[in-house]
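What follows is one structure encoded as structure tokens, with my remarks underneath.
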Amino acid sequence: MHFCEQSHLSYVTNGSDDTVLAEDNVVKINTAIHIDGFIAAAAHTLLISDKPIPNRTADVIGAAEIAGESMLKRVKAGTKLLIAKLCIFSAISSRSFKLERNLC
1 MHFCEQSHLS
11 YVTNGSDDTV
21 LAEDNVVKIN
31 TAIHIDGFIA
41 AAAHTLLISD
51 KPIPNRTADV
61 IGAAEIAGES
71 MLKRVKAGTK
81 LLIAKLCIFS
91 AISSRSFKLE
101 RNLC
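Residue 48 in UniProt numbering sits at position 48 of the sequence shown; the count goes up by one each step and never skips.
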């Protein structure tokens with residue numbers, strides 16, 4: 001496992017991993033399945049903590065959640081991709097965050 005703190009990381013366990021999540025780790029859980037050309041995927045961001053979530057951490061997790069919900073409400077057949085991008089950008093930037101552009 002290559003661990004890079006505060007950076008994007010994609011990791012798939014080989015089944016014998018003994019990595020332990022630590023208090024205050026922010027973890028993205030991304031699951032996906034591909035069957036006969038059809039793909040379903042979902043991602044969730046979690047803060048590993050028994051303590052209340054710090055305001056800025058809660059804000060960024062909430063902004064990502066709101067961005068996704070906003071996009072899902074507006075995107076349908078015939079929608080220009082720009083509309084999806086604007087929904088996400090609006091939810092993120094209105095909370096003083098910057099959109100991560102290299103995860104596309």
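Backbone N, C-alpha and C fix where the C-beta goes; we use that ideal spot for every residue, glycine too.
Judged by DSSP in its simplified three-state form, Lys85 adopts helix.
In terms of Cβ geometry, Leu47 and Thr57 form a close pair [threshold 8 Å]. Under DSSP, Ile33 forms a beta bridge with Ala40.
In this structure, DSSP gives Leu46 an extended state, which the three-state scheme calls strand.
The beta carbon of Ser49 lies closer than 7 Å to those of Glu23, Asp24 in the same chain, with the five residues before and after it left out. In the assembly as shown, Ala43 is an exposed residue. Its beta-carbon has fewer than 16 other beta-carbons within 10 Å. The Cβ neighbour count for Ala91, taken over all protein chains shown within 10 Å, is at least 16; the residue is labelled buried. Val60 carries a helical assignment under DSSP once its states are collapsed to helix, strand and coil. By the CB criterion at 8 Å, Val26 and Thr45 fall inside the cutoff.
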